[in-house]
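In the UniProt record's numbering, the protein residues as written are 1 to 591.
For reference, the structure discussed in these notes is given below.
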Amino acid sequence: MDRDKSTVAVRDYPPGCCRLPSQGQLTATRRNRTDYSRAQGRENGAKMQLNRPIIDVPMNFEASLNDEAQPNDLDSELYRQRRKRYADLLHFYQQLQEKGESNERIRPDLEATKKMQEEKMNFDWKGVGHVPGSIVGDFFFYRTELFVLGLHRAMQAGIAYTEVGQEKIGCSIVASGGYEDDEDHGETMIYTGHGGNNKADRRQVKDQKPEGGNLALLNSLKYKQPVRVIRGHSDIPTSQSPSKKIYSYDGLYQVVDQSLELGASGFKVFKFKLERLPNQRELGSRLVSFVGKLNKAPSIRTGVVIEDLSGGQEPIPVSVVNTVDDTRPPSSFEYTTKLRYPKGVSLRSSTGCSCKGDSCHSVGHRCSCVLKNSGKMLPYNQYGHLIRAVPAVYECGSRCKCSLECHNRVCQKGLRYRLEIFKTEKKGWAVRSWDFIPSGGFVCEYTGVIMDTKTADELDDDDYLFNLDFKQGNEARWGVQRSDVFDSDDSDMPPLKLSSPKYVIDASKFGGVARFVNHSCTPNLFVQCVLYDHGDLDLPHVMLFAGSDISPFQELTYDYGYALNSVYDSHGNLKKKDCHCGTRSCRKRLY
């Protein structure tokens, strides 16, 4: 097949704010003046109450996050660059830890934070209000990322503040349920001041004092300054968050009241009542709550027309949701988790390692599968996330003696996240996840019928064809050009061909969930070739991985890799197809 002038459209690997007030602006009003006598009065019986209605309704999932929702200015671009740099550095230090080249006691996220400070890439912003470029509803897997982005400039303390003259002013709080007297209802909350608690069991062991962060929040009330609220959510599966926590930036709140009361353990604690400012994006924490409920009771999801399109073939059901019209997935389509090979195709066998248990990744251990993967380390970290940009990943297979729990067995196990096929207004069917997907997480495989390129040229339906080819080096493996933070290990990899592909995958009649993943000019998934059941480089498995942290119910997309003006019909006429991805950088055409 001539890659520069094709008669069918074949998918290919893609190339790829409030400001800090001046001292003169700090003007207290009588109504919000800090009144300790009033607080003492509450201690004797009149405790602070939340008088707003409790709102516990999940966000509008049909308006899921997309690129168009992001602000487009220099601050936003710098913010995105900081997030990208943090993710790259995190992967890099995870690599070093896997190779035994870093201190195992030092967390990779702390190393990444230190490096960003050295590079002056961290945002040491000490203002109140929204951090320039930040987005309400964003999620984060590490608290250190909040620090480097300027969202919460305190590595451990729950209250971050700045100083204006001699006054401390609250900037942000992290509400993680660290105090037994906390109370949180989303739009309104009562936040317990800091100090005096036992970190082991969270019980209060002494009185709190009007100092540090407590004094800063008292001044936020006094001077009517907004406070950023970040909520921490615990008990998240490691597959969704390596830290087992997720932090959501829920926007700006106003401190509207305070009191000093006897807490549950009999000691005096500060309580601050906060109310969310109007006209902000949906609470990210509400989405976390809904996802938790879905995990326990999937039946609460509305609009489900098929509970499991895979019919039990996948380890996790793949639901189909339609809240747009009455259509269902094509009846001529048959779900499959396997590649179907044509007669006459003989797959080259691969050798297996002789490792025992889960020792393939052990430092100093000479695993033959590690040698295939550049000879230094496995491409996955301990959580099963891809942390290296390589032309091909060699997973351990059936000929290997290691256990099924081996770090190097990821894609072959099938889906790890709950995926949903849903109907859109303009793009037909699409795919999203019910779970959080970290950068490098395996999403799904592009399955279907293998056919040679000559046969593919004769097909009338070319919407679901995918080229099986390699490009030399690490180019185009991460949806965008990889950062220089990744090691270039190509010198030890098997030589890869640059010739035209021999085969394509046709998913028009047989395929999996990846068949429904749409194109985007700004994708959040990338394509990675993987081998595990054979050693034939002409017929790799095509896997989709997360190229960035992905929130639940955010559409999953990858770049189809079409070149403009590269597709012609059988009469030599140029074929064109519009792109409806809707992103800010949309090219307006697929080909």
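By construction, the Cβ of each residue, glycine as well, lies at the ideal position given by its N, Cα and C atoms.
Just so we're clear, the structure is a prediction, and the values are computed from it rather than from any experiment.
Membership of T113 in the alpha helix (DSSP H) is indicated by the continuous run 108 to 118. With the rule of 3 Cβ pairs closer than 8 Å, the region 367 to 379 counts as touching the region 339 to 357.
Q254 is the residue among K222, Y161, Q254 whose C-alpha sits nearest the C-alpha of E275. Look at the beta carbons and you see the region 380 to 392 not touching the region 262 to 275: under three pairs across the two are nearer than 8 Å. When DSSP states are grouped into helix, strand and coil, F516 belongs to the helix group.
Per DSSP, the unbroken alpha helix (DSSP H) holding T453 starts and ends at 453 to 457.
Considering only E118, F545, P330, Y532, the residue with the shortest C-alpha distance to R399 is Y532. Less than 9 Å separates the beta-carbon of L556 from that of V517.
When secondary structure is reduced to three states using DSSP, Q240 falls in the coil class, being assigned neither helix nor strand.
Inside the UniProt domain "Pre-SET" (351 to 414), DSSP marks whole alpha helix (DSSP H) runs of 4 or more residues at positions 368 to 372, from first to last along the chain. Proximity to L277 across T583, F270, G251, V291 peaks at G251, based on C-alpha coordinates. Nearest in C-alpha terms to T522, of all of N565, D559, Q240, is D559. Contact fails between the region 113 to 129 and the region 575 to 584, because fewer than three Cβ pairs, one in each stretch, are under 8 Å apart. Within the same chain, and ignoring the five residues on either side of V227 in sequence, the residues whose Cβ sits closer than 8 Å to its Cβ are V128, G170, C171, S172, I173, L217, S220, L252, Y253, Q254, V255, L274. Counting only the Cα atoms, F139 lies some 22 Å from K296. Cβ-Cβ distances below 8 Å link D308 to E314, P317, V318, S319 in the same chain, with the five nearest sequence neighbours on each side left out; the list follows chain order.
With contacts defined as CB atoms closer than 9 Å, S248 and G137 qualify as a contacting pair. D75 carries a helical assignment under DSSP once its states are collapsed to helix, strand and coil. N198 carries a coil assignment under DSSP once its states are collapsed to helix, strand and coil. Under the DSSP assignment, L217 falls in the alpha helix (DSSP H) whose first and last residues are 212 to 222.
Around the beta carbon of R82, 16 or more other beta carbons sit within 10 angstroms, so the residue counts as buried.
Excluding sequence positions up to five before and after G357, its CB lies within less than 7 Å of the CB of C402, S403, all in the same chain and listed in chain order. Two segments are said to touch when three or more pairs of C-beta atoms, one from each, lie closer than 8 Å; by this definition the region 299 to 308 touches the region 319 to 329. Taken atom to atom, the span from the alpha-carbon of K338 to that of V393 is near 18 Å.
Within the region 263 to 347, the complete beta strand (DSSP E) segments at least 3 residues long are 268 to 276, 304 to 306, 319 to 321, listed from N- to C-terminus.
Counting every other CB atom within 10 Å of its CB across the protein chains shown gives K423 a total of 16 or more, marking it as buried.
Relative to R388, the option among S362, D461, F545 whose CA is nearest is F545. Under the 10 Å beta carbon count, I106 is surrounded by fewer than 16 other beta carbons and is classified as exposed. Under the three-state reduction of DSSP, R153 is assigned to coil, being neither helix nor strand. The alpha-carbon separation between N565 and Y161 amounts to approximately 55 Å. Rounded to the nearest whole angstrom, the C-alpha separation of R328 and S289 is 29 Å.
Residue environment: S346 is assigned as exposed (fewer than 16 neighbouring CB atoms within 10 Å of its CB, all protein chains considered). The beta carbon of G397 is closer than 7 Å to those of S350, G352, Y532, D533 in its chain, skipping five residues each way along the sequence. The bridge partners DSSP lists for C444 are L544. With at least 16 other beta carbons inside 10 angstroms of its own, E98 counts as buried. Ranked by Cα distance from K222, the first of G561, I135, V131, K168 is K168.
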